[in-house]
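Undergrad: The C-terminal position of the sequence shown is numbered 192 in this note's numbering, with every residue numbered one higher than the one before it.
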Amino acid sequence: MIKINDKYFDTFIDKNRILSEVAQLATFLNSDYKSQEVIFISVLNGSFMFTSDLMKNIDLDCEVSFIKVKSYSGTSSTGDVNEIIGLTSSITNKHVVILEDIVDSGLTLDKIKKLITKENPKSLKTCALMFKPEAFKGEFKPEYIGFSIANEFVVGFGMDYNEKGRNLEDIYLLNKEANQVKTKSPSLVEIN
Ligand code: 5GP
Numbered sequence: 001m002i003k004i005n006d007k008y009f010d011t012f013i014d015k016n017r018i019l020s021e022v023a024q025l026a027t028f029l030n031s032d033y034k035s036q037e038v039i040f041i042s043v044l045n046g047s048f049m050f051t052s053d054l055m056k057n058i059d060l061d062c063e064v065s066f067i068k069v070k071s072y073s074g075t076s077s078t079g080d081v082n083e084i085i086g087l088t089s090s091i092t093n094k095h096v097v098i099l100e101d102i103v104d105s106g107l108t109l110d111k112i113k114k115l116i117t118k119e120n121p122k123s124l125k126t127c128a129l130m131f132k133p134e135a136f137k138g139e140f141k142p143e144y145i146g147f148s149i150a151n152e153f154v155v156g157f158g159m160d161y162n163e164k165g166r167n168l169e170d171i172y173l174l175n176k177e178a179n180q181v182k183t184k185s186p187s188l189v190e191i192n
């Protein structure tokens, strides 16, 4: 168990499993976009680690661009997505793949897809490392999904809890019981 700020988290998906799933996603993309030019648009901050490891396995004629939006505060989605910052490359008539760390309500992705569609890309798909089917209420489901998980809060591999924990190479799950009773585990590691 680890503690980040005031919350306890358990190891959920270890780095080897993450990296093999990311490599698998790259295999699908390499095959589906074979001989085509692709622009990957990575949604910061959470997707930086996913993007980095995915790109190491991508064997396509591609560009990688980064955008920023925000809809999460603490451990719950506000659904209030602000403007997209950083959409600078020309994507008109290009194949575009959005890279998301995690799709929860899907509202962020809806907003991003609608804004990007205005630029008339040749095609527009989404590759998400994680997806929460029970929480999803969006219009556009990701076409490529690494892990489908329950409606729980996760942290690590780029994903944060109040900006902490992004550097963790494994993915951790919020431990609801430990957070209720606030017990201390002997194997506890604190990140403050
Ligand atoms: P949505 O708009 O789909 O509800 O939320 C999308 C964004 O919220 C993600 O890109 C991510 O930044 C954040 N998010 C959603 N679920 C989680 C989660 O379980 N853990 C963390 N750390 N961030 C999440």
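A virtual CB, placed ideally from N, CA and C, is assigned to each residue, including glycine.
Below 8 Å on the Cβ atoms is my guess for I39 versus C62; work out the distance and round it to an integer in Å.
TA: 7 Å
Undergrad: Using only alpha-carbon positions, find the residue among H95, Q24 and F157 that is nearest to S35.
TA: H95
Undergrad: Within a Cβ cutoff of 7 Å, which residues of the same chain sit near P186, ignoring the five residues on either side of it in sequence?
TA: Unreliable positioning characterises P186 in this predicted model, as indicated by a pLDDT of 49, which lies under 50. The coordinate reading is nonetheless provided below. Short of 7 Å from the beta carbon of P186, and not among the five residues preceding or following it, lies no beta carbon of its own chain.
Undergrad: In the DSSP output, which residue or residues are listed as bridge partners for A128?
TA: E100 and I145
Undergrad: Assess, as a yes-or-no matter, whether the region 114 to 126 is touched by the region 162 to 172 under the definition of 3 or more beta carbon pairs within less than 8 Å.
TA: no
Undergrad: Identify whether V69 lies in helix, strand or coil by the three-state DSSP scheme.
TA: Here V69 sits in coil by DSSP.
Undergrad: Using beta-carbon positions only, say whether V64 and D101 come within less than 9 Å of one another.
TA: no
Undergrad: With T198 as the anchor, note down where its beta strand (DSSP E) starts and where it stops.
TA: In the structure displayed, the chain extends from 1 to 192; residue 198 sits before or after that span and is not available.
Undergrad: Would you mind giving the Cβ-Cβ distance between N57 and V22, rounded to the nearest angstrom? I have them listed as a contact below 8 Å.
TA: Indeed, because the Cβ distance is near 7 Å, the residues count as touching under 8 Å.
Undergrad: Name the DSSP bridge partner or partners of V38?
TA: DSSP, once it has assigned bridges, lists C62 and H95 as partnering V38.
Undergrad: Relative to the C-alpha of I18, which residue among L168, N93 and E152 is closest?
TA: L168
Undergrad: By the DSSP assignment, the alpha helix (DSSP H) with K113 in it spans what residues?
TA: L107 to T117
Undergrad: For S90, name the three-state secondary structure that DSSP assigns.
TA: The DSSP-derived three-state label of S90 is coil.
Undergrad: Mind reading off the beta-carbon distance from F153 to L174? Whole number of angstroms is fine, and I expect it under 8 Å.
TA: 4 Å
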